[in-house]
Structure formats: structure tokens, C-alpha cells
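A.B. asks: Numbering (this note's numbering), first residue to last: 6 to 297.
We treat Cβ as the ideally placed atom computed from N, Cα and C, and that holds for glycine.
Here the structure is a predicted model, which is why all the values come from computation and not from measurement.
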Amino acid sequence: MAIVVNTNVQSIQVQNNLNKVTDAMNTAMERMTTGSKINSAADDAAGLVISKGIEVQTRGTSVAKSNAQQGINLLQTAEGNLAVMQDNFMRIRDLTLQAMNGGQTTDQLVAMQEEAQARLAEIDRIAAGAKFNTFNLFGGADGTLEGADTEVTLQIGTGSNSDVDTITISGVFDGALVSALTGTAAFTSKFIDGADPSELADMQAQLDALDVAITEISTRRGTIGSTINRLDSAMDQLDTQYENLSAANSRISDADIATESSNYIQNQILQQASASLLTQANQQPNIALSLI
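#1: Does the beta-carbon of residue 26 have 16 or more other beta-carbons within 10 angstroms, so that it is buried, or is it exposed?
#2: Can you round the beta-carbon distance between residue 16 and residue 287 to whole angstroms, since I take them to be within the 8 Å contact cut?
#3: What number of angstroms, rounded off, separates the C-alpha of residue 28 from the C-alpha of residue 251?
#4: Any idea what DSSP makes of residue 182, helix, strand or coil?
#5: By DSSP, does residue 166 sit in helix, in strand, or in coil?
#6: Going by beta carbon distance, what residues of the same chain come within less than 7 Å of residue 129, once the five residues before and after it are set aside?
#7: Measure the CB-CB distance between residue 240 and residue 70 and report whether it falls below 7 Å.
#8: Going by other Cβ atoms of all chains shown within 10 Å of its Cβ, with 16 needed for buried, is residue 199 buried or exposed?
#9: Would you say residue 236 and residue 98 are within 7 Å of each other, going by their C-beta atoms?
#10: In the DSSP assignment, find the unbroken alpha helix (DSSP H) run with residue 82 in it and report its ends.
#11: If you draw a straight line from the alpha carbon of residue 39 to that of residue 253, how long is it in whole angstroms?
#12: In terms of residue numbering, what span does the alpha helix (DSSP H) encompassing residue 264 cover?
#13: Taking the alpha-carbon of residue 270 as reference, which of 222, 13, 21, 37 has the nearest alpha-carbon?
#14: Output the distance between the C-alpha atoms of residue 77 and residue 67, rounded to the nearest integer angstrom.
#15: Within 8 Å, do at least three Cβ pairs link the segment 98-107 to the segment 211-227?
#16: Quick one: measure Cβ to Cβ for residue 161 and residue 174, integer angstroms, because I've assumed they're closer than 8 Å.
#17: Please report the distance separating the alpha-carbon of residue 118 from that of residue 82.
#18: Report the residue from 163, 164, 137 whose alpha carbon sits nearest the alpha carbon of residue 157.
#19: Please classify residue 108 as buried or exposed, where buried requires at least 16 other C-beta atoms within 10 Å of its C-beta.
#20: Rounding to the nearest angstrom, what Cα-Cα distance links residue 224 and residue 114 in this structure?
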């Protein structure tokens, strides 16, 4: 091997190796301190693309679950109001049956009239004022109360495909005033108006209208129940999806601290050895002095 002064090849080689192990040691240190295996696109370009794609799905899944839970809360609020309205209708129906029975005194009819009147007013008050946040439960966003057909669409998926990513609820949030629920434009009760309750045909028609209202509310509550069960199922699926996506992303982007700490120690030893050898390599040209 030639003995030269101007170019110390051994020193250059040791410097290159020292730089490599120092970079590797710094990379291991960065991964241990951040907990991430991919801290820049240069670390793993393909892995970064895959990881960010999974992260989009993971975050979307979390939002979709929140949407589903909000949908459940919306439906539960609506059902609570409907249950109170149904109780009022059932009590009015009881009063109607009682008024249809002969032998009622005027005072008794007046008492029943006052109670039924108050309950009908309360049903309309609930229908007009029931809200979830700022959404009118029985009138939609525009506040229309007169039997409006209102649909509510819940985004319970992470994509834009309406067939698989949304659930549309219809019929539950339609107008719920007394007139809308009974199907009678101006619902009145004969004994409420102080008319003669002996008009049996009118009382029977009133009873039928009340039955329509009670059935309508039961139908809405049934829809609410089945939709809540569906949303619960969707949330279970979203939980599973979130878990699997998170695990997949972890395998791609999360640093294995045990491996990285081992790499760090290994490269630290190599760095120290290279630094020591660099000192010796830098002394190689001194051999030339012995030849002069």
C-alpha cells in the first residue's frame, strides 16, 4: 500500500462510517423521543402515504361515531316529548269515554272539559317548542309545524356514498300539533266545547281521531326505537373499524422503542469506535516522516 500525505484514504473511510452511524444514532433517538417511525417523508415515503390514508379513515370513523351518538341523543329527546304527548292524548281519550257515558252532571262535564282543554294546549305547546339544540324536533329547521314532512340524514360513515354512509330518518320529525296528529284540521272535542255529549256520533268521531293520534305517536316511537338500535349497531361497527385501523396504522408508523433503543446503543458503540479509529487514521501520514 502506498504511503501518501495529501490524501488520507483511511481517514476518509472512517469519517464516512462515523457519519453514517451518527445519522443512524440520531434517527433512533428521534424515533424514541417522538414515538413515531415516520417523522418525515424521507423516512418512508410509501409508508407515509399509507399511514396518512389510514389516519384519514381513523379520524373520519371517530367523527362518524360522534355523529351516530348525537343522532341517538336527538331521537331520545324526540321520543321523550312524544311520550308525554301520548300520555296526554290517552288521558283525553279516557275523558272522552267518560263523557260518552250517560248520567254526567254539568259540573262533571265542565271539570273534564277544563282538563282536556289544558292537555290539548300542552300537546300543542310541546309540539311547537320541542327542540334539540336549535333544531325544531317537530317542524324541521324551518320551524314548519303544520304536518310538514321532515327528513333528517345522519352521516354515520366516513365516505360520500349515501347508500352506505348515511341513514335517513323520516316520519319522526313531522309536524306534531294536535291537528296534525289527529288528521283533523281543526280538532275539537264536543264536551270540551260544552256541546251536548249525547251526540254519540260526534263523540265516536272524536274517539276515532284520538286513536289516530295515539297510533301515529306509537308509530313514530317505534321508528325511533328501531333507528336507535340501528345506530347502536353502527357504533359497534365503527368501534371495531377504529380499533383495526389504529392497529394497522400503528404497525406502519409507530416506533418500536425496544428495537430503536437497541439500534441506538449499537450505533453509539460504533460511533465511539469510529471516533477512536479516526484518531489513529489521522496519524497514518506521520509514517512518511520516518522515511525522510
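C.D. replies: Taking the definition as stated:
#1: Mapped onto the sequence shown, residue 26 falls at position 21. Classification of residue 26: buried, given that the 10 Å Cβ count is 16 or more.
#2: Counted from its first residue, the sequence shown places residue 16 at position 11. Counted from its first residue, the sequence shown places residue 287 at position 282. Yes, they are in contact, since the Cβ atoms of residue 16 and residue 287 sit about 5 Å apart, within 8 Å.
#3: Counting from 1 along the sequence shown, the entry for residue 28 is found at position 23. Counting from 1 along the sequence shown, the entry for residue 251 is found at position 246. Looking at the two C-alpha atoms, the distance is approximately 30 Å.
#4: Sequence index remark: in the sequence shown, residue 182 carries index 177 (1-based). DSSP places residue 182 in coil when its eight states are reduced to three.
#5: Within the sequence shown, residue 166 is the residue found at index 161, counting from 1. Residue 166: coil per DSSP, three-state reduction.
#6: The residue you call residue 129 lines up with position 124 of the sequence shown. Contacts found: 182, 183.
#7: For this step, residue 240 is matched to residue 235 along the sequence shown. For this step, residue 70 is matched to residue 65 along the sequence shown. Going by C-beta atoms, residue 240 is nearer than 7 Å to residue 70.
#8: Translated into positions along the sequence shown, residue 199 becomes position 194. Because residue 199 sits at a pLDDT of 48, beneath the cut-off of 50, its placement in the model cannot be relied upon, and the following sentence gives the value as read from the coordinates. Under this definition residue 199 is an exposed residue.
#9: Along the sequence shown, read from residue 1 onward, the residue named residue 236 stands at position 231. Along the sequence shown, read from residue 1 onward, the residue named residue 98 stands at position 93. Taking 7 Å as the Cβ cut-off, residue 236 and residue 98 do not qualify as a contacting pair.
#10: Position 77 of the sequence shown holds residue 82. Per DSSP, residue 82 belongs to the alpha helix (DSSP H) from 50-105.
#11: As a working note, residue 39 is residue 34 in the sequence shown. As a working note, residue 253 is residue 248 in the sequence shown. If you take the alpha carbons of residue 39 and residue 253, they lie about 19 Å apart.
#12: Taking the sequence shown and counting its residues from 1, the one referred to as residue 264 is at position 259. Residue 264 -> alpha helix (DSSP H) spans 262-287.
#13: For the purposes of this step, residue 270 is taken as the residue at position 265 of the sequence shown. Distance check between residue 270 and each of 222, 13, 21, 37 places 37 closest, using alpha-carbon atoms only.
#14: Along the sequence shown, read from residue 1 onward, the residue named residue 77 stands at position 72. Along the sequence shown, read from residue 1 onward, the residue named residue 67 stands at position 62. Their Cα atoms are separated by approximately 16 Å.
#15: The segment 211-227 makes contact with the segment 98-107; the number of CB pairs closer than 8 Å reaches 3 or more.
#16: Counting from one through the sequence shown, the residue named residue 161 turns up at place 156. Counting from one through the sequence shown, the residue named residue 174 turns up at place 169. With a Cβ gap of about 11 Å, residue 161 and residue 174 do not count as contacting.
#17: Taking the first residue of the sequence shown as position 1, residue 118 is located at position 113. Taking the first residue of the sequence shown as position 1, residue 82 is located at position 77. Distance between the alpha carbons of residue 118 and residue 82: 30 Å.
#18: Looking up residue 157 in the sequence shown gives position 152. If we check each option's Cα against that of residue 157, 137 comes out closest.
#19: Position 103 of the sequence shown holds residue 108. With fewer than 16 Cβ atoms within 10 Å of its Cβ, residue 108 is classed as exposed.
#20: Position 219 of the sequence shown, counting from 1, holds the residue named residue 224. Position 109 of the sequence shown, counting from 1, holds the residue named residue 114. Distance between the alpha carbons of residue 224 and residue 114: 32 Å.
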